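Residue numbers (the working numbering): 87 to 509. Report on one structure; see the data block that follows.
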């Protein structure tokens, strides 16, 4: 056994946290992007109306999101109860990963609608709980590692999605094999970390959460309520986008099978490139997050514009550009929110707080597909039984949410300026 410095031990924690989330999101990506929609279409048959298929996809996503909320809240609270050291919390990560992997196995062999819903629900329960604990563990790192780790966690997570998307592009007919491969890796990583800490004695055990330091995300500028509000809205937009994106692609190009999978994945790769570019910019210039309110105004306007453009009948190259803009806005927004949440986490209840932060994001993911389905149903009703509303118009409705948080952020800034002038 040997001993690590505080800096090296903290870096070791941050590296494994990011690696774990990288693989977990990679495991969840194939079902989210195309697997669930593909199975929903198969179960419904060729005669099933597009709205019925969308309803089945939405039902699966909704129940899965409910289970994800339960997982985030319960695992966050459990990580505060007894296993309060950073390395001990990895037992909860391992348990969540095992539950999530079992759910993906069930999903991959699903032969009916109940099995489809059950598999996705179990996967969401386990991996959501595991990710909530991973965010809590990151709070135990040293301040410098924690700040950069917030950006790395976003970059690494969506980097995992990008890796899965590339795998799907190369092997579009191997959706479930790709899923199970990443699921096995997600189960192995926490055990690798636990095995490594048996050979390493850190010089100082990290507490449940390191003491908060002044945040580069500017926590004084944003209230906890507003941070949670934007977290929920952002989750809703992202979930609805991912849910209706493959249906929109099929409707636009009239393609099915491998061709639809490649185009669906190609647009998402463009979004992932934008997100990764945003994370790289923030790693090079983390001071850009100093004014979090200004960041949220920028991300809200940018995301609203890109979604509104997606509702237009664009050529494929233009779809790729709007997807890249959306990804860039989401990357900056996610990093700012997570950095602020980590700085706000109370020392003795960090698991509960970060679990709540995670659950609010999942709650938004729960609401997103429902909002999209409601918008689609209203548009179907407005055109009558003889017509059909294009799925792409859902994105125009989604553009309202980021525009709302940008307006609220701007209004809060105006109030602060007026209060300063009056003082």
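Idealized CB from N, CA, C, for every residue including glycine. Just so it is clear, the structure is predicted and the values come from calculations on it, not from any experiment.
query = Taking just the CA atoms, how far does residue 282 sit from residue 396?
reply = 47 Å
request  = Out of 189, 415, 188, 161, point me to the one whose CA is closest to residue 177's CA.
outcome  = 161
Option nearest residue 280 by Cα separation, candidates 112, 481, 99 = Minimum Cα distance to residue 280 is reached at 99.
ask   = Nearest CA to the CA of residue 369: which residue from 360, 237, 330, 406?
value = 237
message = How far does the alpha helix (DSSP H) with residue 424 in it extend, from its first residue to its last?
response = Note, residue 424: alpha helix (DSSP H), 402–430.
ask   = Can you tell me whether residue 311 is buried or exposed, with buried defined as 16 or more other CB within 10 angstroms of its CB?
value = exposed
key: Given residue 127 as reference, the closest of 158, 109, 202 once Cα atoms are compared   = 202
ask   = With a cut-off of 8 Å, do at least 3 Cβ pairs link the segment 476–486 to the segment 349–363?
value = no
query = For residue 455, which of helix, strand or coil comes out of DSSP?
reply = helix
query = The alpha helix (DSSP H) with residue 209 in it runs from where to where?
reply = 199–224
ask   = What first and last residue would you give for the alpha helix (DSSP H) that runs through residue 183?
value = 176–194
ask   = So, are the CB atoms of residue 175 and residue 444 less than 8 Å apart?
value = no
ask   = For residue 444, which three-state DSSP category applies?
value = helix
inquiry  = Please classify residue 167 as buried or exposed, where buried requires at least 16 neighbouring CB atoms within 10 angstroms.
reply    = exposed
Nearest neighbour of residue 138, chosen from 498, 463, 364, 153 [CA to CA] = 463
query = With a CB to CB cut of under 7 Å and the five nearest residues on each side skipped, what residues in its chain are close to residue 247?
reply = 111, 112, 115, 358
query = By Cβ distance, which residues of its chain are closer than 6 Å to residue 511, with the 5 residues on each side in sequence left out?
reply = The structure shown does not extend to residue 511, since the chain spans only 87 to 509, so no value can be given for it.
ask   = Can you name the start and end residues of the alpha helix (DSSP H) that residue 391 belongs to?
value = 378–396
query = So what's residue 97 in DSSP terms, helix, strand or just coil?
reply = helix
ask   = Do you know offhand how far residue 58's Cα is from residue 476's?
value = Since the first residue of the chain shown is 87 and the last is 509, residue 58 is not available in this structure.
ask   = If we count the other Cβ atoms within 10 Å of its Cβ and call it buried at 16 or more, is residue 263 buried or exposed?
value = exposed
task = Given a cut-off of 8 Å, decide if residue 332 and residue 147 are closer than it, judged by their beta-carbon atoms.
result = no
Cα-Cα separation between residue 402 and residue 417, rounded to whole angstroms = 23 Å
query = Starting from residue 332 and walking both ways along the alpha helix (DSSP H), at which residues does that stretch end?
reply = 310–339
query = What residue from 165, 328, 450 has the CA that sits closest to residue 118's CA?
reply = 328
inquiry  = Please report the straight-line C-alpha distance between residue 245 and residue 144, rounded to a whole angstrom.
reply    = When rounded, the separation of the alpha-carbon atoms in residue 245 and residue 144 is 25 Å.
query = Since residue 321 and residue 495 are thought to touch, with beta carbons under 8 Å apart, how far apart are those beta carbons, to the nearest angstrom?
reply = Incorrect: roughly 17 Å between the Cβ atoms, too far for contact.
key: residue 318 beta carbon less than 8 Å from that of residue 449   = yes
task = Could you spell out where the alpha helix (DSSP H) holding residue 484 opens and where it closes?
result = 480–484
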